[in-house]
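Colleague: Quick one: the structure is below, questions incoming.
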Amino acid sequence: MNRKLVYVAFATFGTLATTFFIGETKSVSAPHLMPNDGEFKTEKNTHFNVSKRGTDDVGALEDARVLLVNVFLQLKTFTSMFDVDGFEVQGPGLEKELARIENWINTLAPSQNRLLGEVSFVKHMFKSMGESLELLKYYDCAETTGGDLMWSLIDLNMKLLELYSLSGVPDPGVKGYTEKVASYSRYLKFLRRGFRRLVSVPFGTTIMFRNQYTQAEKCLEVLAFYV
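For the sequence shown, the residue numbers in the working numbering are 252 to 478.
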């Protein structure tokens, strides 16, 4: 079954599923988190020169956090339906940007636990996307039993990242949070039922599906507490 047909099949579950799972490319997520024009302007060439950004550490740290928020929001734009090609192109630049931000913060205020915690979550988010990149590319082309369901499950785990705040906790303020948690939970069960009906599934695919399923299940349990 083609992965798009997986989405169509799930769409029969309800019209809400159609909204979330049928689509071609990424969409911009969580617009409520985007700072307004007066709060920051992203520079094309960011070298984190404190002398250019402010005369005191407080102002410099505020600038660093603005840049961190910018990276966080850019990562969120990939999560609606994981944009493999887009992330492949933009990933290296985002990785360098994130490393520079982390180094800047560590230099200015290594004891800023809250800010460093936010950096850690964005790094986790980036790492999860990077690790999923090759898996999605593989299962997009692999002629293996269960491959389409495997692709959809990995993609679901990427979608769940949208529902977290910069601090790494569930963010009920995300547009459609409650509906998405409910829809994603139904979709996860749909994928499990479909996988259980398959025969002659490669052992490696079975193990991978279990791991990805457990990850999504635990994540949704946490997200549900914030509904």
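Where a beta carbon is used, it is the ideal one built from N, C-alpha and C, also for glycine.
Once you ignore the five residues that flank L319 on each side, which residues in its own chain have a CB closer than 7 Å to its CB?
Modeller: Position 68 of the sequence shown holds residue 319. Hits under 7 Å: I352, E369, V370 and V373.
Colleague: Give the range of the alpha helix (DSSP H) segment to which F476 is assigned.
Modeller: Taking the first residue of the sequence shown as 1, we reach residue 476 at position 225. Neither: F476 is in no alpha helix (DSSP H) and is coded neither H nor E.
Colleague: Considering only DSSP beta bridges, list what Y415 is partnered with.
Modeller: Counting from 1 along the sequence shown, the entry for residue 415 is found at position 164. Its beta-bridge partners are P421.
Colleague: Please report how far the alpha carbon of M380 lies from the alpha carbon of E472, in whole angstroms.
Modeller: Within the sequence shown, residue 380 is the residue found at index 129, counting from 1. Within the sequence shown, residue 472 is the residue found at index 221, counting from 1. Whole-angstrom Cα-Cα distance: 21 Å.
Colleague: Which class does G317 belong to by DSSP, given the choice of helix, strand or coil?
Modeller: Here residue 317 refers to the residue found at position 66 of the sequence shown. According to the sequence shown, residue 317 is Val rather than Gly. Helix, per DSSP.
Colleague: Any contact of the segment 440 to 455 with the segment 393 to 404, i.e. 3+ C-beta pairs under 8 Å?
Modeller: Contact holds: three or more Cβ-Cβ distances are below 8 Å.
Colleague: With respect to the alpha helix (DSSP H) encompassing D336, which residues constitute its N-terminal and C-terminal limits?
Modeller: Looking up residue 336 in the sequence shown gives position 85. Run containing D336: V335 to L359, per the alpha helix (DSSP H) assignment.
Colleague: Check whether the segment 320 to 330 and the segment 405 to 425 are in contact - that is, three or more C-beta pairs closer than 8 Å.
Modeller: Taking 8 Å as the limit for Cβ pairs, the verdict is that the segment 405 to 425 does touch the segment 320 to 330.
Colleague: Quick one: any contact between the segment 455 to 464 and the segment 388 to 398, if contact means 3 or more CB pairs under 8 Å?
Modeller: Segments in contact, yes.
Colleague: Indicate the three-state DSSP secondary structure (helix, strand or coil) for T465 in the structure shown.
Modeller: Residue mapping note: residue 465 aligns to position 214 of the sequence shown, counting from 1. Helix.
Colleague: With C-beta atoms as the reference, is Y415 less than 7 Å away from D422?
Modeller: By 1-based counting over the sequence shown, the position of residue 415 is 164. By 1-based counting over the sequence shown, the position of residue 422 is 171. It is a contact, given that the beta carbons lie within the stated cut-off.
Colleague: Determine the extent of the alpha helix (DSSP H) in which A433 is found, giving its start and end residues.
Modeller: Here residue 433 corresponds to residue number 182 of the sequence shown, with the count starting at 1. First-last of the alpha helix (DSSP H) with A433: Y428 to R447.
Colleague: Whole angstroms are fine: how far does the CA of S383 sit from the CA of E290?
Modeller: To locate residue 290, count along the sequence shown from 1; it is residue 39. To locate residue 383, count along the sequence shown from 1; it is residue 132. Its pLDDT being 36, under 50, E290 is placed unreliably in this model, and the value from its coordinates should be taken loosely. The straight-line gap from Cα to Cα measures roughly 33 Å.
Colleague: Helix or strand or just coil, what does DSSP make of V452?
Modeller: Numbered from 1 along the sequence shown, position 201 holds the residue referred to as residue 452. DSSP places V452 in coil when its eight states are reduced to three.
Colleague: Taking V322 and E348 to be in contact with their CB atoms under 8 Å, please state how far apart those CB atoms are, rounded to whole angstroms.
Modeller: For this step, residue 322 is matched to residue 71 along the sequence shown. For this step, residue 348 is matched to residue 97 along the sequence shown. With 8 Å as the limit, V322 and E348 qualify as a contact, their Cβ atoms being about 6 Å apart.
Colleague: Ignore the nearest five residues each way along the sequence and tell me which others in G419's own chain have a CB closer than 8 Å to its CB.
Modeller: Here residue 419 is taken as the residue at index 168 of the sequence shown, counted from 1. Cβ within range, chain order: G368, E369, S371, F372 and H375.
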